[in-house]
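Numbering (the numbering used here), first residue to last: -10 to 415. Ideal Cβ positions, reconstructed from N, Cα and C, are used throughout, including at glycine. Please read these numbers as outputs of a predicted model, since none were measured by experiment. Here is the structure we will look at, set down as structure tokens.
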RNA sequence: GGAGAGAUGGCAGAGUGGUCGAAUGCGCCGGUUUGCUAAAUCGGUGAAGGUGUCACAACUUUCCACGGGUUCGAAUCCCGUUCUCUCCGCCA
């Protein structure tokens, strides 16, 4: 959410940004309604002040005058109520419009319509392999080596769910251990997090928990939703809290399950583990001062690169175009891993994503910081980044590391956690 | 799940329906004093919004868990919710 004052003071910039983001917002209407709201707010305050003034007199007043004064105060209160009611209605309307306005965009973010306009900025340390045998995709590998049971998932829970089996379980857990270990080394506080969260937290982070297009599962007869990422809970953790500026940046590493309905995704490339309704993810999250967020964003990107380099997975990094940023991100980098089994001859597939959301989420969630000795508080900046999304990392490892003999080589970084250096052929 | 107690400023802890944004203590910031430190002493010290100012200042509204209600007026009275603590039960 953008600051209303900022919107009013920078109407043209905000409008242009909406166009670049490909989002339809009625900025003019917001400006009109907000202007009107401020007037009503002023009126309401003035009536309230007058009423308070009289009320204060009543206690000391001569009993004979009390009834008159009471009547006077009552009439002011009524006027105040009327103005306040209008003000509240306008406020709700403004808020609705305000929520739809996306964050501003980093000046260096490529301007474009969708993911085709994303700008490749670098490649990982490892190049895609040349295979001298026929490559299998991860679904075929998973079946041949008895690693993944999609049919069982569909039977018990539905299409898009799966059981991991045998060495895939060890691999899944090794990836988690590896990621957490690496992040702890880099000063992140490890946390396991709730897999459900209140709707208002989802909204604060920028998810829409309701509606046909929602990506979110919600629990009946409650205001709880299954989280789509630990970003939600880690971001909600400090809602309505105030940091001391000295303790920032705070860097957290969250382990959670992620649940996504993938509504509207039917028909998109979604074979096997690529687009599933549940997976496990190690997420990085940071709260920073405004002037730290750019640097921390680069740091998160760097960590993602290091993790995937250590996993020996070929990838490229893209700077996400304005049209593909989503609402809360000011700038976003994606790592796309090479997946030899995708498409006809392999394709890049998104495995991580890191966003600098500046104060967009913090404003909704009311996460602030205070500088010692300075008056008042400001909103923090929030950033998030995927360390490892297990399902997609597993795809990349199975497909890139398949061997001519049918086995799967396990990257050296995972040996200590996996307890073996390969998944043997059957 | 049952019974009871509670929720007040950074913390601890008062609070009679009007003089309470809230005593007092601690902490914190600044001054004085003092070889240094400590102690003593004086002053200041919450947040969000609005009007206003070049910027201050000044003024003002709201906030004593949250949401309602009573009242001219609520931290204080009434109702609901949430959370915390203690005891009992159950349980991984």
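To the nearest angstrom, how far is it from the Cα of residue i to the Cα of residue j?
i	j	result
residue 330	residue 112	19 Å
residue 414	residue 127	14 Å
residue 314	residue 10	7 Å
residue 169	residue 384	20 Å
residue 281	residue 217	27 Å
residue 397	residue 209	42 Å
residue 24	residue -3	9 Å
residue 137	residue 199	32 Å
residue 119	residue 232	51 Å
residue 411	residue 276	39 Å
residue 0	residue 391	54 Å
residue 134	residue 357	51 Å
residue 121	residue 394	12 Å
residue 167	residue 300	10 Å
residue 41	residue 57	15 Å
residue 338	residue 328	6 Å
residue 52	residue 366	46 Å
residue 64	residue 49	20 Å
residue 68	residue 44	15 Å
residue 21	residue 316	23 Å
residue 55	residue 47	6 Å
residue 94	residue 8	11 Å
residue 82	residue 378	38 Å
residue -10	residue 311	17 Å
residue 76	residue 35	13 Å
residue 212	residue 178	28 Å
residue 29	residue 78	10 Å
residue 350	residue 86	16 Å
residue 104	residue 274	24 Å
Identify which residue in the options has its Cα closest to the Cα of residue i.
i	options	result
residue 272	327, 228, 344 and 319	344
residue 263	368, 182, 149 and 307	149
residue 80	27, 62 and 47	27
residue 298	12, 251 and 401	401
residue 408	67, 64, 144 and 161	161
residue 219	288, 267 and 323	267
residue 89	376, 193, 388 and 380	193
residue 251	50, 265 and 243	265
residue 96	340, 318 and 328	318
residue 242	278, 270 and 412	270
residue 183	196, 203 and 223	223
residue 188	204, 179, 180 and 177	204
residue 416	108, 75, 76 and 39	As shown, the chain starts at -10 and ends at 415. That puts residue 416 outside it, with no answer to give.
residue -6	46, 16, 181 and 341	16
residue 364	234, 389 and 382	234
residue 207	351, 186 and 221	186
residue 308	108, 179 and 91	108
residue 260	212, 125 and 98	125
residue 342	75, 354, 353 and 382	382
residue 195	405, -8, 352 and 174	352
Helix or strand or just coil, what does DSSP make of residue i?
i	result
residue 14	coil
residue 274	strand
residue 229	coil
residue 65	helix
residue 406	helix
residue 304	strand
residue -10	coil
residue 391	strand
residue 279	helix
residue 206	coil
residue 384	helix
residue 349	helix
residue 220	helix
residue 264	coil
residue 178	strand
residue 116	coil
residue 287	helix
residue 186	strand
residue 293	helix
residue 4	helix
With residue i and residue j assumed to form a contact (beta carbons below 8 Å), what rounded beta-carbon distance in angstroms separates them?
i	j	result
residue 72	residue 13	The pair is not a contact, with the Cβ atoms about 32 Å apart (cut-off 8 Å).
residue 237	residue 278	5 Å
residue 387	residue 131	7 Å
residue 320	residue 370	That belief does not hold up - the Cβ atoms of residue 320 and residue 370 are roughly 12 Å apart, past 8 Å.
For residue i, is the beta carbon positioned less than 6 Å from some heavy atom of the ligand COA?
i	result
residue 173	You won't find the ligand COA in this model; it holds no ligand whatsoever.
Segment contact flag, the segment 215 to 229 with the segment 150 to 157, C-beta cutoff 8 Å, min 3 pairs: no
Taking contact to mean at least 3 C-beta pairs separated by less than 8 Å, is the segment 364 to 374 in contact with the segment 275 to 294? yes
Below 8 Å, can you find three or more Cβ-Cβ pairs linking the segment 297 to 312 to the segment 322 to 338? yes
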